[in-house]
Amino acid sequence: VQLQASGGGLVQPGGSLRLSCAASGRVLSSDIMGWFRLAPGKQRELVARIISGSSPVYVESVKGRFTISRDNAKNTLDLQMNSLKPEDTALYSCNLKRWWGGQWYDYWGQGTLVTVSS
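With the sequence shown counted from 1, adding 250 to any position gets you the working numbering.
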C-alpha cells in the first residue's frame with residue numbers, strides 16, 4: 251500500500267485546512283488509519299485515528315477542532331482542521347496499520363506541511 255498525502259499549506263490562525271490521503275492498493279475495513287504530526291523540537295504524535303465501525307480517537311489538543319474521516323470504497327483518509335492554532339504547525343503524515351499473517355504492518359505517506367502563522 252502506498253499513501254499520498256496532500257492539502258497542507260500556510261494558513262492564518264483561526265483558519266481551516268483539509269488534508270487528504272490517497273491509498274493505492276486495497277484498503278481493508280480492518281485497517282487502522284490515522285494522521286500523525288511532527289513539529290520542530292517535538293516528538294511525533296498521533297493526531298487522530300479511525301477504525302471502520304468505531305468512533306474516531308483524537309489527541310486532546312485537537313478535540314472539537316479536527317475531524318477525521320475515511321472512505322474505504324475510495325481508499326481515502328481525510329482530516330478536516332478548523333480553528334487552527336500556531337501550535338498545530340507541523341509535518342502531517344498519514345498512516346495505515348494492518349494486522350496480517352500474525353503481525354502488524356505500517357505504511358506511511360510522505361507528509362504534508364501545515365504552517366499556521368499570521
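Glycine included, every Cβ here is placed at the ideal spot set by N, Cα and C.
Check                                                                                             : Outcome
Residue environment, L296, which counts as buried when at least 16 other CB atoms sit within 10 Å : exposed
N- and C-terminal bounds of the beta strand (DSSP E) containing K347                              : A340 to W350
C-beta contact flag for P306 and R299 at 9 angstroms                                              : yes
Nearest-angstrom Cα separation, counted from G265 out to G303                                     : 30 angstroms
Option nearest V312 by Cα separation, candidates A272, E337 and L260                              : E337
Residue environment, W350, which counts as buried when at least 16 other CB atoms sit within 10 Å : exposed
Buried or exposed (CB count within 10 angstroms, at least 16 for buried), R320                    : buried
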